[in-house]
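**Student:** For the sequence shown, the working numbering gives the first residue as 100, with consecutive numbering after it. We put the beta carbon where it would ideally sit given N, CA and C, even for glycine. Mind having a look at this structure? Questions to follow.
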Amino acid sequence: MKVVALAGGVGGAKLAWGLANILNSDELSIIVNTGDDFELFGLSISPDLDTVCYTLAGWANPETGWGRAGETWNTLDEIQRLKGTDWFKLGDKDLALHLERTRQLREGKSLSQVTKDLCEKMGIKHQIMPMSNLPVRTIVKTKEFGDLPFQEYFVKYQCQLIMLNRRFEGIEKAQLTAEGRKVLENADLVVFCPSNPWVSIDPILGIEDTKELISKKVAIAVSPIIGGKTVKGPAAKMYREMGIEPSALAVAEHYKGIIKGIIIDQIDKEEVQQINRCGIMSIATQTLMSDNQTRIALARETILFAERFKKV
Numbered sequence: 100m101k102v103v104a105l106a107g108g109v110g111g112a113k114l115a116w117g118l119a120n121i122l123n124s125d126e127l128s129i130i131v132n133t134g135d136d137f138e139l140f141g142l143s144i145s146p147d148l149d150t151v152c153y154t155l156a157g158w159a160n161p162e163t164g165w166g167r168a169g170e171t172w173n174t175l176d177e178i179q180r181l182k183g184t185d186w187f188k189l190g191d192k193d194l195a196l197h198l199e200r201t202r203q204l205r206e207g208k209s210l211s212q213v214t215k216d217l218c219e220k221m222g223i224k225h226q227i228m229p230m231s232n233l234p235v236r237t238i239v240k241t242k243e244f245g246d247l248p249f250q251e252y253f254v255k256y257q258c259q260l261i262m263l264n265r266r267f268e269g270i271e272k273a274q275l276t277a278e279g280r281k282v283l284e285n286a287d288l289v290v291f292c293p294s295n296p297w298v299s300i301d302p303i304l305g306i307e308d309t310k311e312l313i314s315k316k317v318a319i320a321v322s323p324i325i326g327g328k329t330v331k332g333p334a335a336k337m338y339r340e341m342g343i344e345p346s347a348l349a350v351a352e353h354y355k356g357i358i359k360g361i362i363i364d365q366i367d368k369e370e371v372q373q374i375n376r377c378g379i380m381s382i383a384t385q386t387l388m389s390d391n392q393t394r395i396a397l398a399r400e401t402i403l404f405a406e407r408f409k410k411v
């Protein structure tokens, strides 16, 4: 089975890791959101790509899910002494990756080429790729300050501002990477990881004919909403501020017309029938990934659930 996972953020990275531990490198490819990419100190930073790569490499900070394990903060300490920009916490090891990425990009390499090179150096066997080599930037419209780049909304203001809407600058010109188009065209299964639908998965779906490509495949989602809340990130808050009650049903409706099935947490099992009535098959199981064993268990459940659609 050829599987393509769409991912962004910590939840997406965890399930991607689980899938990578049960699928061979020729069976799994991961397309990652780059809508939250930005520049700081002249460096090209790709937070979602980095989180997925660090996780699959076994380098991620186990306490936060993002950043590097065993990180040091000498550079940030000096920046703070100089009263420089310090709202985005760049550790020394993390900074090294951004320096190398930026160097290669300035040599004329594409983000896909740079990501492939970095993954090889990290010892990652599975194919991880950005959603596009052209820039797409998520802009959050807030009640308090108007338009803000996503990282300012997410990190600088800790998602405390009220989101009125969001848009993706550059989405009209963006194209799928050649690698991304190829794996989607050849996919037997597309998995929407439990990432934020509004700002992690929607940017991927908004590129070219990605949505149409996926809708022709067996596509299933794993809900990031558990009991009306998210484990990490502002997805539930965003649903409320967009006038939608956060729930597994709301996630299913968000992807209606694209996915054929959704996996929800057992705490939300009463929503299974409602989701089924929407024309989307659903099952309830444990989706909270608290350790490596639960990541692998959810990955196995995802593949088993997908097998049902071969019989339909």
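Under a Cβ-count criterion, where at least 16 other Cβ atoms within 10 Å of its own Cβ denotes burial, should alanine 195 be classed as buried or exposed?
**Tutor:** Its Cβ having fewer than 16 others within 10 Å, alanine 195 is exposed.
**Student:** Just to confirm the assignment: which complete alpha helix (DSSP H) runs, minimum length 4, are found wholly within the stretch 120-175?
**Tutor:** Entirely contained in the stretch 120-175, the alpha helix (DSSP H) runs reaching 4 residues are, in chain order, 146-156.
**Student:** Are there 16 or more other CB atoms within 10 angstroms of the CB of glutamine 365, so buried, or fewer, so exposed?
**Tutor:** So glutamine 365 counts as exposed.
**Student:** Measure the Cβ-Cβ separation of tyrosine 354 and phenylalanine 291 and say whether it is below 8 Å.
**Tutor:** Yes, they are a contact pair.
**Student:** By alpha-carbon positions, which one of Arg167, Ser381, Thr201 and Arg200 ends up nearest to lysine 188?
**Tutor:** For lysine 188, the nearest C-alpha among the options comes from Arg167.
**Student:** Looking only at its chain, what residues have a beta carbon closer than 8 Å to the beta carbon of isoleucine 306, apart from the 5 residues adjacent to it on each side?
**Tutor:** So the qualifying residues of the chain are Met230, Ser231, Val235, Ile270, Ala273, Gln274 and Leu275.
**Student:** Do you know offhand how far arginine 399's Cα is from glutamine 179's?
**Tutor:** About 45 Å.
**Student:** Which runs of the alpha helix (DSSP H), 4 residues or longer, sit entirely within the stretch 302-359?
**Tutor:** Counting only runs of 4 or more, we get 309-314, 334-340 and 347-353.
**Student:** Whose C-beta lies closer than 8 Å to the C-beta of aspartate 193 among residues of the same chain, with five residues either side of it excluded?
**Tutor:** Hits under 8 Å: Asp149, Gly166, Arg167 and Glu170.
**Student:** Can you pull the DSSP bridge partners for alanine 104?
**Tutor:** Answer is Ile129 and Val290, bridged to alanine 104.
**Student:** If the criterion is Cβ atoms closer than 8 Å, does the pair valine 350 and serine 322 meet it?
**Tutor:** Closer than 8 Å, so yes.
**Student:** To the nearest angstrom, how far is it from the Cα of threonine 154 to the Cα of glutamine 392?
**Tutor:** Each residue's alpha carbon lies about 15 Å from the other.
**Student:** Hey, out of Glu278, Asn295, Tyr338 and Gly327, whose CA is closest to threonine 309's CA?
**Tutor:** Selected option, being the one with the closest Cα: Glu278.
**Student:** Restricting to Cα atoms, I'd like to know which of Val289, Ala320 and Thr329 is closest to methionine 380.
**Tutor:** Of Val289, Ala320 and Thr329, the residue nearest in Cα terms is Ala320.
**Student:** Where valine 109 and lysine 331 are concerned, what is the direct C-alpha to C-alpha distance, given to the nearest angstrom?
**Tutor:** Taking the straight line joining both Cα atoms gives about 8 Å.
**Student:** Measuring straight from C-alpha to C-alpha, what distance separates isoleucine 325 and glutamate 206?
**Tutor:** Whole-angstrom Cα-Cα distance: 44 Å.
**Student:** With distances taken Cα to Cα, identify the nearest neighbour of alanine 112 among Asp176, Cys258, His225 and Lys101.
**Tutor:** Here the closest residue by C-alpha is His225.
**Student:** Helix, strand or coil: which one does DSSP assign to proline 296?
**Tutor:** Three-state DSSP puts proline 296 in a helix.
**Student:** Distance check for leucine 204 and valine 213, CA to CA, integer angstroms please.
**Tutor:** Cα to Cα, valine 213 sits roughly 7 Å from leucine 204.
**Student:** Would you kindly work out how many angstroms separate the C-alpha atoms of alanine 383 and alanine 159, rounded to a whole number?
**Tutor:** Computed Cα separation, rounded: 29 Å.
**Student:** Specify the secondary structure class of methionine 221 as computed by DSSP and reduced to three states.
**Tutor:** Methionine 221 falls in the helix class under three-state DSSP.
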